[in-house]
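Quick notes on the structure that follows.
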Amino acid sequence: MSEPNTPALFDLSQCERHLVELAEPDAARFTGSTVEKDRQRVDAVLSAVVAGVPREHIAALAKISTHTIAGIVDRAERSGEIAGWKERMSRLLARATETMAATLVEAVEQKKLAPAALPVSLGIAVDKKLLLDGEATSRVEHVERVRPEDITALIKRAKVVDIEPAKLTN
Numbered sequence: 131m132s133e134p135n136t137p138a139l140f141d142l143s144q145c146e147r148h149l150v151e152l153a154e155p156d157a158a159r160f161t162g163s164t165v166e167k168d169r170q171r172v173d174a175v176l177s178a179v180v181a182g183v184p185r186e187h188i189a190a191l192a193k194i195s196t197h198t199i200a201g202i203v204d205r206a207e208r209s210g211e212i213a214g215w216k217e218r219m220s221r222l223l224a225r226a227t228e229t230m231a232a233t234l235v236e237a238v239e240q241k242k243l244a245p246a247a248l249p250v251s252l253g254i255a256v257d258k259k260l261l262l263d264g265e266a267t268s269r270v271e272h273v274e275r276v277r278p279e280d281i282t283a284l285i286k287r288a289k290v291v292d293i294e295p296a297k298l299t300n
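Counted the way the working numbering counts, the sequence shown spans residues 131 to 300.
Put into structure tokens, the structure is as follows:
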């Protein structure tokens with residue numbers, strides 16, 4: 131049992147700060163430059179990234195860190211070797227929406243549809259896919275009935291204005 135006035139051996143908050151300081155350079159250290167020398171491994175990593183495999187799974191299979199994967203992907207995007215994030219996400223969302231739509235149809239046909247689960251997910255996925263692709267995600271329609279007689283009357287009421295051309299000065 132320790133006495134109330136006995137100083138602590140360690141200041142835990144200072145130890146935690148020190149551990150964080152030690153870990154910070156590690157994130158910057160894992161850039162993928164060492165792994166880049168193994169072209170076969172890099173190609174496998176990039177193929178998995180493009181296919182939409184989660185980075186944690188790729189890291190476990192390739193025995194590299196997620197920071198290394200991020201470095202490899204960053205360089206590949208900048209060099210044009212793989213598409214950028216937006217294009218990859220668009221492809222993944224396209225695949226996901228197709229899968230969800232097929233699942234929705236199957237659930238409806240088998241009368242196993244949970245009332246609000248899948249349609250909401252499908253709607254969100256389709257909306258985000260359209261948004262990423264620069265498509266409209268909402269439609270606003272303004273309807274005005276115009277008859278030919280109305281156009282003719284508008285033309286007859288129009289006033290003609292003569293404008294004299296401006297004189298050019300040098």
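C-beta: ideal position from N, C-alpha, C; glycine also.
Met230 places its beta carbon less than 8 Å from that of Leu252. Contact annotation: Val165 and Ile194 have beta-carbon atoms nearer than 8 Å.
Under the criterion of beta carbons closer than 8 Å, Leu234 and Pro249 qualify as touching, at roughly 7 Å. Runs of the alpha helix (DSSP H) lying entirely within the segment 157-215, each at least 4 residues long, are 169-181, 185-192, 196-209 in chain order. Spanning the alpha carbons of Asp168 and Leu222 requires a straight line of approximately 27 Å. In the three-state reduction of the DSSP assignment, Gly253 falls in the helix class. Inter-residue distance for Pro278 and Ala226 is about 48 Å (C-alpha atoms, whole angstroms). Burial check for Gly210: the Cβ neighbour count within 10 Å stays below 16, so the residue is exposed.
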